[in-house]
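So the protein sequences, as listed, match chains A and B.
Following this note's numbering, the numbering of the first sequence begins with 1 at its first residue and continues without gaps.
Following this note's numbering, the numbering of the second sequence begins with 1001 at its first residue and continues without gaps.
Glycine residues also receive a C-beta, built at the ideal position from the N, C-alpha and C atoms.
Below you'll find the structure, written out as structure tokens, and then a few comments.
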Amino acid sequence: MARVVVVTSGKGGVGKTTTSAAIAMGLAKRGYKTAVIDFDVGLRNLDLIMGCERRVVYDFVNVINGEANLNQALIRDKNCNQLYILPASQTRDKDALSLEGVGRVLEEMSQDFKYIICDSPAGIEKGAYLAMYYADDALVVTNPEVSSVRDSDRMLGILASKSRRAELAMDPIKEYLLLTRYDPVRVEAGEMLGLEDVQEILSLHLLGIIPESKSVLTASNAGIPVILDEKSDAGQAYADVVARYLGEKKPHRFIESKKGFLRKLFGGK
Amino acid sequence: MSLLDYFKLSKPKTAVLAKERLQILVAHERYYRNKPSYLPQLQEELMQVIRKYVQVDQDAISVKFEQDENQETLELNIVLPDTQSSGTREHVARNSF
């Protein structure tokens, strides 16, 4: 049986797809057979971030409608043979997905995969609802910024009341916080919400902090999940996240700025 | 605190503002989210029952839901119409679930 993990946030642009790609790659690199599904019907982008946009033939909607089978639609990742991508449909509208259809496809994939990562679209409409409905775990991606924190809290309310686990009165979805685009220098200057501030409001289990990093853009330019850039701070932070998700103890990094003595003395930024 | 900070005019720390605003907002939104969804219907049905016996206005009944760590309280407040000329009589019924 697979573990279904939704990567969600409510707000757009906080790093859901970057995170989905990185986590999926990280789990697959550890040897777990992993699939990552794009739920953003009409605005697919996971294929670009994973670098497989030219290999898309069939998509999630085709599988749900029985126009293709799973093996035809799943794209095997070029960097890791344990990782498969199920792209969203670019031509249909968001109503092309159905609760029953998504359930059926996840059920079939559960036979074969260890982890299924669901990359949620922004918002709280149908695509986001379907992405989180069948989840066992939720990674709530949040930026240290007021609108993102508010939307994350809203999303937590939805996870707790509208998911399958909530409706069937099963154990609740395990919720984890992933704080992304974190800038310790600005936090120390009092210009950005710090980890403690966000935690005081959301009080979630912290899975990791991803620092604001140039490597995220360079990775997406090249279509390579940033976790494969092992020298980069964001890549290392995502590797830590995967380790913590799998139960390993890793101290949190990238919380403090790396200011030199002189810069500290003169308050340079 | 760096050396230069002592000479700078202290600027307001906007992160503190952000946190305070969020704490208020999130608490407010959680309150509305946790309210049972049956409240408007309950109010409507209570209204019908009460109107069988007394003629009251639409706003004569208020249903308030409160929640703390230990209990949830549903407070019904029914204002009965003035039958004598000596002012309003107010009957308050409270019930804890």
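Continuous alpha helix (DSSP H) stretch holding Lys1064 (chain B): start and end: In the DSSP assignment, Lys1064 (chain B) falls outside any alpha helix (DSSP H) and within the unbroken beta strand (DSSP E) covering Ile1061 to Gln1067.
Sorted by chain position, which residues of the same chain lie with C-beta nearer than 8 Å to Arg92 (chain A)'s C-beta, five sequence neighbours on each side aside? Within the same chain, Cβ atoms closer than 8 Å to the Cβ of Arg92 (chain A) are found at Val41, Gly42 and Val61, the five residues on either side in sequence being excluded.
Please report whether the beta-carbon of Val187 (chain A) lies at a distance below 9 Å from any beta-carbon of chain B. Closer than 9 Å to some Cβ of chain B, the Cβ of Val187 (chain A) qualifies, so yes.
Take every Cβ of the region 223 to 237 of chain A, pair it with every Cβ of the region 184 to 202 of chain A, and state whether three or more of those distances are shorter than 8 Å. no
Give the single residue among B:Ile1024, B:Val1026, B:Pro1081 and B:Lys1013 whose Cα lies nearest to the Cα of Tyr1053 (chain B). B:Pro1081
Unbroken beta strand (DSSP E) runs of length 3 or more, entirely within the region 13 to 55 of chain A: which are they? Those beta strand (DSSP E) runs which fall completely within the region 13 to 55 of chain A and span 3+ residues are 34 to 38.
Are the beta-carbon atoms of Tyr316 (chain A) and Val102 (chain A) separated by less than 9 Å? Residue 316 (chain A) lies beyond the stretch modelled for chain A, which goes from 1 to 269, so this question has no answer here.
Looking at the C-beta of Gly157 (chain A), does it have a partner C-beta in chain B at a distance below 9 Å? yes
Leu206 (chain A): beta carbon under 8 Å from a heavy atom of the ligand MG? This structure does not include the ligand MG; it has no bound ligands of any sort.
Distance between Ala1018 (chain B) and Glu188 (chain A) (C-alpha atoms, nearest Å): Within the model, the alpha-carbon separation for Glu188 (chain A) versus Ala1018 (chain B) is close to 15 Å.
Report the three-state DSSP secondary structure of Leu1017 (chain B) (helix, strand or coil). Three-state result, Leu1017 (chain B): helix.
Can you say whether Lys16 (chain A) is buried or exposed, counting buried as having 16 or more other CB atoms within 10 angstroms of its CB? buried
Have a look at A:Val226, A:Asp47, A:Glu107 and A:Cys80 and flag the residue whose alpha-carbon is nearest the alpha-carbon of Leu86 (chain A). A:Asp47
Residue range of the alpha helix (DSSP H) that Asn62 (chain A) falls in? For Asn62 (chain A), the enclosing alpha helix (DSSP H) begins and ends at Phe60 to Ile64.
My output table needs one value for Asn1070 (chain B): the three-state DSSP class, helix, strand or coil. coil
So with CB distances below 7 Å, who are the chain A contacts of Lys1035 (chain B)? Simply none; closest approach about 12 Å.
Pairwise C-alpha distance: Val1016 (chain B) and Ala24 (chain A): 35 Å
Let me confirm a value: Gly26 (chain A) is counted as buried when at least 16 other C-beta atoms fall within 10 Å, else exposed. Which label applies? buried
Which residue wins for smallest C-alpha separation from Leu74 (chain A), given the options A:Leu99, A:Asp38, A:Glu175 and A:Ser98? A:Asp38
Figure out for me which residue from A:Leu106, A:Gly10 and A:Lys29 has the closest Cα to the Cα of Leu246 (chain A). Nearest option by C-alpha distance: A:Lys29.
Buried or exposed: which applies to Thr19 (chain A), given that a residue is buried once 16 or more other Cβ atoms fall within 10 Å of its Cβ? buried
Between which two residues does the beta strand (DSSP E) holding Leu177 (chain A) run? Lys174 to Tyr182
Entirely enclosed beta strand (DSSP E) segments - the region 64 to 144 of chain A, minimum 3 residues: 83 to 86, 115 to 119 and 137 to 142
Starting from Pro211 (chain A), trace the beta strand (DSSP E) both ways and give me its first and last residue. His205 to Pro211
Taking just the CA atoms, how far does Ile116 (chain A) sit from Val5 (chain A)? 6 Å
Distance between Gly127 (chain A) and Arg164 (chain A) (C-alpha atoms, nearest Å): 15 Å
Taking only beta-carbon positions, decide if Arg991 (chain B) is within less than 9 Å of chain A. This structure cannot speak to residue 991 (chain B), because chain B is shown only from 1001 to 1097.
Tell me which same chain residues have a C-beta within less than 7 Å of the C-beta of Met192 (chain A), skipping the five on either side of it? Pro144, Asp183 and Arg186
Touch check for the region 1021 to 1032 of chain B and the region 151 to 170 of chain A: three-plus C-beta pairs under 8 Å? When C-beta atoms of the region 1021 to 1032 of chain B are compared with those of the region 151 to 170 of chain A, three or more pairs fall below 8 Å, so the two segments count as touching.
Using a Cβ cut-off of 8 Å, which residues of the region 1017 to 1032 of chain B contact any Cβ in chain A, in chain order? Ala1018, Lys1019, Arg1021, Leu1022, Gln1023, Leu1025, Val1026, Glu1029 and Arg1030
Whole angstroms are fine: how far does the CA of Ser215 (chain A) sit from the CA of Val36 (chain A)? When only Cα atoms are considered, Val36 (chain A) and Ser215 (chain A) end up about 21 Å apart.
Output the boundary residues of the alpha helix (DSSP H) element that contains Val1049 (chain B). Leu1039 to Tyr1053
Against chain E, does Val149 (chain A) count as a neighbour if the rule is that its beta carbon must be under 9 Å from one of theirs? In summary, chain E is missing from the structure at hand, where the protein chains are A and B.
Alpha carbon of Ile255 (chain A) to alpha carbon of Arg44 (chain A), nearest angstrom: Each residue's Cα considered, the two are about 32 Å apart.
Following the continuous beta strand (DSSP E) through Val5 (chain A), name the residue where it begins and the one where it ends. Counting along the chain, the beta strand (DSSP E) containing Val5 (chain A) begins and ends at Arg3 to Thr8.
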